[in-house]
Every structure is written in structure tokens, then in C-alpha cells.
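One structure is given here, and the rest of the page talks about it.
Numbering (full-length UniProt numbering), first residue to last: 1 to 84.
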């Protein structure tokens with residue numbers, strides 16, 4: 001849920017300038033602020049959020065794999081019933 005919210009915020013950052021027109025004043029690196037901020041957040045913001053999400057999900061996957069290894073193995077009778 002956290003990453004969904006972060007992706008929505010970075011991907012739809014142009015809406016901030018629609019909701020608050022007073023923020024449309026000024027420039028950044030010679031570009032109007034209402035154009036360059038959504039582009040930068042759209043490219044680099046989403047890339048950073050996706051990188052963080054990848055790292056967290058891979059760590060979670062590794063932890064789940066270790067947890068499954070610690071579980072008791074299945075008995076022979078339970079595997080015989082599933083094969084029939």
C-alpha cells in the first residue's frame with residue numbers, strides 16, 4: 001500500500017500545480033516550475049520508488065524462503081494422498 005501511494009504521488013505530481021496555482025511561479029534550470037518538477041518526479045521519482053520497492057520485495061522474498069526452509073518437512077502419507 002505504501003509503494004502504491006508513493007507511485008501515485010510521484011506519477012501524478014502535476015496535479016499539485018493544478019490544485020495550487022500559486023505554485024506555478026518561478027523557474028528551475030530555466031524551465032517553468034510546473035513543467036520541470038512533474039517531469040523530474042515522473043522519471044527519477046518513479047525510478048527511485050521502483051528501486052526501493054524492488055529491494056524491499058527481494059528482501060521479503062529471501063526472508064520467506066528462509067522461513068519455508070525452517071518448517072517441518074511433509075510426511076510420506078501426505079504426499080501419497082496428493083499423487084493419487
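Built from N, CA and C at the ideal position, the CB exists for glycine as well.
For residue i, the nearest candidate out of the options (CA to CA)
i          : options        : result
residue 8  : 23, 60, 46     : 46
residue 10 : 62, 60, 44, 52 : 44
residue 5  : 49, 73, 55     : 49
Proximity below 8 Å, CB of residue i to CB of residue j
i          : j          : result
residue 3  : residue 53 : yes
residue 36 : residue 29 : yes
residue 13 : residue 41 : yes
Counted within 10 angstroms of its Cβ, other Cβ atoms place residue i as buried (16 or more) or exposed
i          : result
residue 34 : buried
residue 68 : exposed
Residue i, DSSP secondary structure in three states
i          : result
residue 28 : strand
residue 38 : helix
residue 1  : coil
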